[in-house]
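Its first residue numbered 1, the sequence shown is counted upward by one per residue in our numbering.
Scroll down for the structure; my scribbles are underneath it.
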Amino acid sequence: MTFLSACQFLGSSATSWTMIEVDAQTFAQGKKISELILVEQGHRSYKIDLLVLHNNDTEQMSAKLDLAVESIQGKEIYHTTVPIVFAEKPGLWQKFGLVSHEVNVRLANPIYIDNPGLYRFSFAQSKAKGIQGITLIGFKLQE
Numbered sequence: 001m002t003f004l005s006a007c008q009f010l011g012s013s014a015t016s017w018t019m020i021e022v023d024a025q026t027f028a029q030g031k032k033i034s035e036l037i038l039v040e041q042g043h044r045s046y047k048i049d050l051l052v053l054h055n056n057d058t059e060q061m062s063a064k065l066d067l068a069v070e071s072i073q074g075k076e077i078y079h080t081t082v083p084i085v086f087a088e089k090p091g092l093w094q095k096f097g098l099v100s101h102e103v104n105v106r107l108a109n110p111i112y113i114d115n116p117g118l119y120r121f122s123f124a125q126s127k128a129k130g131i132q133g134i135t136l137i138g139f140k141l142q143e
């Protein structure tokens, strides 16, 4: 697995995406992908936006992604399951594109970061069958 960025720096007004490449063959159940980011401003709530990029190999019409956020010490500070809808019916993708398609989701509940520091954002899929075709998962935090 290749990470596009080893560490993203997040200031109080940063809105850049942190992108994580996913093995295009299978995003197996229980196999986590994660990224470490530096949050420079504590005592704040952040909205989380997700971006899932997939290709035409995606057989499922939907998926559920588990997102966990841990401090560098390993303490989980946030966990949620996010439903991702790829298609309304087979082959009818939510977003247009010939080879790849993207799905954007804003999480309903913001994350509260008490202390500035390094945090690990981990993603795993919840379905019994591995999801094929997901190529990239991105996220960004906004105040």
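By construction, the Cβ of each residue, glycine as well, lies at the ideal position given by its N, Cα and C atoms.
From a predicted model like this one, the values you see are computed outputs, not experimental measurements.
Rounded to whole angstroms, what is the Cα-Cα separation between residue i and residue j?
{"i": "residue 37", "j": "residue 59", "result": "31 angstroms"}
{"i": "residue 138", "j": "residue 88", "result": "22 angstroms"}
{"i": "residue 75", "j": "residue 48", "result": "19 angstroms"}
Going by DSSP in three states, residue i sits in which element: helix, strand or coil?
{"i": "residue 16", "result": "coil"}
{"i": "residue 22", "result": "coil"}
{"i": "residue 83", "result": "strand"}
{"i": "residue 175", "result": "Lying before the first or after the last residue shown, residue 175 is absent from the chain, which here runs from 1 to 143."}
{"i": "residue 5", "result": "With a pLDDT of 40 at residue 5, under the threshold of 50, the modelled position of that residue is not reliable, and the figure given next carries that caveat. Note: residue 5 maps to coil in three-state DSSP."}
{"i": "residue 104", "result": "strand"}
Skipping 5 residues on each side, what residues in its chain have a beta carbon closer than 7 angstroms to that of residue i?
{"i": "residue 115", "result": "42"}
{"i": "residue 80", "result": "67, 107, 109"}
Can you check DSSP and say which residues form a bridge with residue i?
{"i": "residue 70", "result": "76, 120"}
{"i": "residue 63", "result": "84"}
{"i": "residue 138", "result": "19, 51"}
{"i": "residue 35", "result": "121"}
{"i": "residue 45", "result": "112"}
Would you mind giving the Cβ-Cβ distance between residue i and residue j, rounded to the nearest angstrom? I have them listed as a contact below 8 angstroms.
{"i": "residue 72", "j": "residue 118", "result": "4 angstroms"}
Using C-beta distances below 6 angstroms, list every residue in its chain close to residue i, excluding the 5 sequence neighbours before and after it, in chain order.
{"i": "residue 78", "result": "69, 111"}
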